[in-house]
Amino acid sequence: MAERILTGIKPTGQLTLGNYIGVLKHLHKEVDRGECFYFIADLHALTLPIEPEVLRQNSIDLACFYLAAGLDPKKVTLFLQSSVSAHAELNAIMQNYLYMGELSRMTQFKDKSAKMKENAIGLGLFAYPVLMASDIILYDASIVPVGEDQIQHVELTRDLVNRINNRYGDILTMPKAEMRKVGARIMSLSDPTKKMSKSDPKGDIFLKDDLAVIRKKIMSAVTDSGSEVKYDVENKPGISNLLTIYAALKEISIEEAEKEFVNSRYGDFKKAVADVVCAEMEVFQKKYREILESKAYEEVLKEGAIKANKIANITLKRVKKAVGLLNID
Ligand code: AQP
């Protein structure tokens, strides 16, 4: 069987440059390595409070973003998580094989729940990694491209796969997380010690921001004392973050980026970063608007759902049989 590559993005808010550099920008290249399954993780989006209309609009936007990032719908399967009911069904089975202790140690749960009142933390937020594991397992995915923050969840999925395979025979494919060498963790422009994140939008660049706004945000990004443009995360987190953004978009190494700015002042360097980001976003936003207006995403998502359901139901049946559930059809 060809390698399967799977990843999802939550339509929880406006997508950021972090989501773009960490994952979205590179997905179109994966078709050379295997069969690609990319989805809109709308069930996951319900794990934090969200207005129905916002969720609907974000989901449409995300479909357009995937396509604007260069995905060829004939070569990849793009679908909504909620349109493949096997995700929820496998989740119901898998929740019995991941344990409260390990789920409560997940960094994402700890970070997100720490900002909430205890009686407002939904079970879905706690059990998020169970659904994510089910997403991955359903497609026999061996490669999972993600940003750094999702590595822990993929590791937990690997533990789960081991657990199930030891108990029921080798019925599941072992997945592996893959991160970008440059750009797996883009930081906030206002606090470069924190991840750029949709749910904590201070210091974010949004993919729908006007180019003038993007430029302004980069020019006023927090930098560090000193004047040398040098990659040093400990002492120069702001400059290091901007170097990462520059290198990731130009698809060069950090060292190459550093060399370009050995004699530059912070202001000139920031202008160069803004130029690169704006040039990339100009093309991306134009494609996004065209896809949104043409509603081309509708047909893509319909066909994606048909293909995804077919594959997912094969795995679901295999798991049901293994754990002792009757498949009557
Ligand atoms: N700052 C980042 N740098 C690099 N990669 C990132 N990703 C997220 N933030 C960065 C990666 O983008 C993919 C989609 O993320 P997600 O929407 O599923 O949720 P997340 O990981 O929790 O990202 P956010 O932006 O912080 O969302 P919220 O705030 O809604 O939880 C993932 O592969 C992620 O690693």
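Mind the numbering: the sequence shown is residues 701 to 1029 in this note's numbering, read in order. The beta carbon of each residue, even a glycine, is placed where N, CA and C say it ideally should be. What you are looking at is a predicted structure, and each value in this text was computed from that prediction instead of being measured.
(message) Please classify glutamine 985 as buried or exposed, where buried requires at least 16 neighbouring CB atoms within 10 angstroms.
(response) Reading the sequence shown from its first residue, position 285 is the one you call residue 985. So glutamine 985 ends up on the buried side.
(message) Nearer than 6 Å: is that true of the beta carbon of lysine 898 relative to any heavy atom of ligand 1?
(response) As a position in the sequence shown, residue 898 is number 198, starting the count at 1. Correct: lysine 898 has its Cβ closer than 6 Å to ligand 1.
(message) When you compare the CB positions of tyrosine 766 and tyrosine 738, do they come within less than 7 Å of one another, or not?
(response) Indexing the sequence shown from 1 puts residue 766 at position 66. Indexing the sequence shown from 1 puts residue 738 at position 38. Yes, the pair counts as a contact, with Cβ atoms nearer than the cut-off.
(message) Could you check if asparagine 719 belongs to the surroundings of ligand 1, using beta carbon to heavy atom distance under 6 Å?
(response) Reading the sequence shown from its first residue, position 19 is the one you call residue 719. Yes.
(request) Please specify which runs of the alpha helix (DSSP H), each continuous and at least 4 residues long, are wholly inside the region 704-734, giving them in chain order. (result) Within the region 704-734, the alpha helix (DSSP H) runs of at least 4 residues that lie entirely inside it are, in chain order, 717-722.
(request) Can you give me the start and stop residues for the beta strand (DSSP E) that alanine 877 sits inside? (result) Taking the first residue of the sequence shown as 1, we reach residue 877 at position 177. Run containing alanine 877: 876-878, per the beta strand (DSSP E) assignment.
(request) Compute every distance between the C-beta of isoleucine 886 and the non-hydrogen atoms of ligand 1, then say whether any falls below 6 Å. (result) For the purposes of this step, residue 886 is taken as the residue at position 186 of the sequence shown. It does: the Cβ of isoleucine 886 is within 6 Å (strictly closer) of some heavy atom of ligand 1.
(message) Taking the beta carbon of valine 1019 as the centre, do at least 16 other beta carbons fall within 10 Å, making it buried, or is it exposed?
(response) On the sequence shown, position 319 is the one that residue 1019 refers to. Per the 10 Å Cβ criterion, buried.
(request) Compute the Euclidean distance between the alpha carbons of aspartate 1029 and leucine 856, then round it to the nearest angstrom. (result) By one-based count along the sequence shown, residue 1029 stands at place 329. By one-based count along the sequence shown, residue 856 stands at place 156. Approximately 33 Å, taken between the alpha carbons.
(request) Return helix, strand or coil for methionine 887, following the three-state DSSP convention. (result) The residue labelled residue 887 in the question sits at position 187 within the sequence shown. In the three-state reduction of the DSSP assignment, methionine 887 falls in the strand class.
(request) Use the C-beta contact count for serine 899: other C-beta atoms within 10 angstroms, 16 or more gives buried, fewer gives exposed. (result) Numbered from 1 along the sequence shown, position 199 holds the residue referred to as residue 899. That one is exposed.
(message) I'd like the ranges of any alpha helix (DSSP H) spanning at least 4 consecutive residues and lying wholly in the region 811-887.
(response) The qualifying runs are 823-826, 828-838 and 851-868.
(request) Rounded to whole angstroms, what's the CA-CA distance from glycine 822 to threonine 712? Just pull it up for me. (result) For the purposes of this step, residue 822 is identified with residue 122 of the sequence shown, where counting begins at 1. For the purposes of this step, residue 712 is identified with residue 12 of the sequence shown, where counting begins at 1. So the alpha carbons of these two residues sit roughly 15 Å apart.
(message) Please tell me whether glutamate 735 and alanine 769 are closer than 7 Å, where the distance is taken between their beta carbons.
(response) Translated into the one-based positions of the sequence shown, residue 735 becomes position 35. Translated into the one-based positions of the sequence shown, residue 769 becomes position 69. In this structure, the beta-carbon distance from glutamate 735 to alanine 769 does not fall below 7 Å.
(request) Please list, in chain order, all residues of the same chain as aspartate 835 whose beta carbon is under 8 Å from its beta carbon, the five residues on each side excluded. (result) Your numbering for residue 835 matches position 135 in the sequence shown. Answer for aspartate 835: Leu706, Gly708, Phe739, Ala741, Gln781 and His787, listed in chain order.
(message) Going by C-alpha to C-alpha distance, which of Lys876, Pro875 and Val861 sits closest to glycine 869?
(response) In the sequence shown, counting from the first residue as 1, residue 869 sits at position 169. Minimum Cα-Cα distance from glycine 869 among the listed residues Lys876, Pro875 and Val861 corresponds to Val861.
(message) Taking 7 Å as the limit between beta carbons, can you name the residues of its chain near isoleucine 952, skipping five residues before and five after?
(response) On the sequence shown, position 252 is the one that residue 952 refers to. There are no such residues.
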